[in-house]
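Asks: Counting from 1, one number per residue, gives the positions in the sequence shown under the UniProt record's numbering. My questions all concern the structure below.
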Amino acid sequence: MLTICSLEGRETNMEDDIANLIVLGVLSWTTAFLLIRKNLSKRSFDFCNRIVSTIHATLAVILASRSVEDWSCPVCPLASKSSLKQRQTLAVTVAYLIYDLICGLFEERVSLDNTVHHLVSIVGIGAGLAYQKCGSEQVAALFITEISSPFLHARELLKELGYRDTDLNLAADITFAVIFSLARMVGGPYLTFVTLSANNPILIKAMGLGLQLVSTFWFYKIVKMVIYKLTKKQKKVVSSPLHSGKLN
Numbered sequence: 001m002l003t004i005c006s007l008e009g010r011e012t013n014m015e016d017d018i019a020n021l022i023v024l025g026v027l028s029w030t031t032a033f034l035l036i037r038k039n040l041s042k043r044s045f046d047f048c049n050r051i052v053s054t055i056h057a058t059l060a061v062i063l064a065s066r067s068v069e070d071w072s073c074p075v076c077p078l079a080s081k082s083s084l085k086q087r088q089t090l091a092v093t094v095a096y097l098i099y100d101l102i103c104g105l106f107e108e109r110v111s112l113d114n115t116v117h118h119l120v121s122i123v124g125i126g127a128g129l130a131y132q133k134c135g136s137e138q139v140a141a142l143f144i145t146e147i148s149s150p151f152l153h154a155r156e157l158l159k160e161l162g163y164r165d166t167d168l169n170l171a172a173d174i175t176f177a178v179i180f181s182l183a184r185m186v187g188g189p190y191l192t193f194v195t196l197s198a199n200n201p202i203l204i205k206a207m208g209l210g211l212q213l214v215s216t217f218w219f220y221k222i223v224k225m226v227i228y229k230l231t232k233k234q235k236k237v238v239s240s241p242l243h244s245g246k247l248n
């Protein structure tokens with residue numbers, strides 16, 4: 001009896017620790033944004049927010065990698081109780097999503113798509129934390145979705161720094177497209193399959209399937225973007241005076 005009470009007390013304390021970590025995380029991400037905004041006052045609101053997003057993406061990938069129990073099977077054990085490292089990793093991301101959701105409300109144009117995406121993600125990850133299950137699957141999904149994010153934000157940061165339509169910006173575009181494609185269209189389908197096959201809660205399965213469908217849609221748009229950029233680059237080279245022999 002004492003053992004059961006002790007275990008229940010320990011579980012309650014761990015849940016409180018995760019909740020406290022989320023609150024601390026929201027405050028930390030907000031503080032980071034305010035400090036960046038203060039030091040880069042000449043830059044746009046979006047520029048400063050993207051720096052915070054880049055920091056989160058990098059941290060999320062590192063924490064997700066550190067929480068893997070067996071690199072021979074990164075998504076194992078499936079449908080199992082989440083480890084403390086996995087819950088902490090997910091809590092850091094929930095905190096970031098809450099911060100970014102609130103931050104987005106202060107932008108000049110509030111993005112409905114972004115708001116819905118954040119709300120769905122918070123509910124999905126929150127469900128995993130509440131169930132204390134599916135940690136392996138959710139951390140793997142976090143790794144897959146965030147591994148390309150630094151390059152996504154780099155594209156926009158470079159534009160504001162004056163590198164729009166340059167070779168450097170094109171390199172960032174292509175790097176983002178390649179990493180996104182490998183992660184979302186190679187790792188993504190595998191993760192979706194094992195998530196749907198395992199004995200996971202229906203909400204987690206729905207989140208996994210939804211993530212892959214969204215990834216497929218964005219993959220299509222990214223392919224179109226890369227083709228457009230490369231075609232534009234080729235036309236620019238062909239029309240240049242040096243290439244056409246019209247250099248005086």
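Don't be surprised by glycine CBs; every beta carbon is placed ideally from N, CA and C.
From Ser99 to Trp71, what distance separates their C-alpha atoms?
Replies: Here residue 99 corresponds to residue number 99 of the sequence shown, with the count starting at 1. Here residue 71 corresponds to residue number 71 of the sequence shown, with the count starting at 1. According to the sequence as given, residue 99 is Tyr; it is not Ser. Spanning the two alpha carbons is a distance of roughly 31 Å.
Asks: What did DSSP end up calling Lys224 once you bin it into helix, strand or coil?
Replies: On the sequence shown, position 224 is the one that residue 224 refers to. DSSP places Lys224 in helix when its eight states are reduced to three.
Asks: Give the straight-line distance between the Cα atoms of Lys229 and Ile18, rounded to the nearest whole angstrom.
Replies: Start at 1 with the first residue of the sequence shown, and residue 229 comes out as number 229. Start at 1 with the first residue of the sequence shown, and residue 18 comes out as number 18. Their backbone Cα atoms lie some 44 Å apart in a straight line.
Asks: Provide the residue(s) that pair with Lys81 in DSSP beta bridges, ordered along the chain.
Replies: Walking along the sequence shown from the start, residue 81 turns up at place 81. For Lys81, which the question treats as bridged, DSSP gives the partners Lys133.
Asks: Could you please give the first and the last residue of the uninterrupted alpha helix (DSSP H) stretch that includes Tyr163?
Replies: In the sequence shown, counting from the first residue as 1, residue 163 sits at position 163. Unbroken run through Tyr163: none, as it is neither H nor E.
Asks: Where does the unbroken alpha helix (DSSP H) through Asp70 begin, and where does it stop?
Replies: Translated into the one-based positions of the sequence shown, residue 70 becomes position 70. Here Asp70 belongs to no alpha helix (DSSP H), and DSSP marks it neither H nor E.
Asks: By DSSP, does Ser149 sit in helix, in strand, or in coil?
Replies: Locating residue 149 in the sequence shown gives position 149, where the first residue counts as 1. Reduced to three states, the DSSP call for Ser149 is helix.
Asks: Can you tell me whether Glu15 is helix, strand or coil according to DSSP?
Replies: Mapped onto the sequence shown, residue 15 falls at position 15. Correct three-state label for Glu15: helix.
Asks: Please name the residue, chosen from Phe151, Arg66, Ala198, that lies closest to Gln88 on a Cα-to-Cα basis.
Replies: Here the question's residue 88 lines up with position 88 in the sequence shown. Residue Arg66 is the option with its Cα nearest to Gln88.
Asks: Quick one: what's got a C-beta closer than 7 Å to residue 249's C-beta in the same chain, skipping five residues either side?
Replies: With the chain covering 1 to 248 only, the question about residue 249 has no answer from this structure.
Asks: Three Cβ pairs or more, each shorter than 8 Å: is that satisfied between the stretch 74-87 and the stretch 123-133?
Replies: Three or more Cβ pairs drawn from the stretch 74-87 and the stretch 123-133 lie within less than 8 Å of each other, which places the two stretches in contact.
Asks: Applying the 10 Å Cβ sphere with the 16-neighbour rule, what's the burial state of Gln234?
Replies: Here the question's residue 234 lines up with position 234 in the sequence shown. Looking at its Cβ environment, which holds fewer than 16 other Cβ atoms inside 10 Å, Gln234 is exposed.
Asks: Report the rounded CA-to-CA distance for Leu90 versus Gln138, giving the unit in angstroms.
Replies: The residue labelled residue 90 in the question sits at position 90 within the sequence shown. The residue labelled residue 138 in the question sits at position 138 within the sequence shown. Going by the C-alpha atoms only, they are around 8 Å apart.
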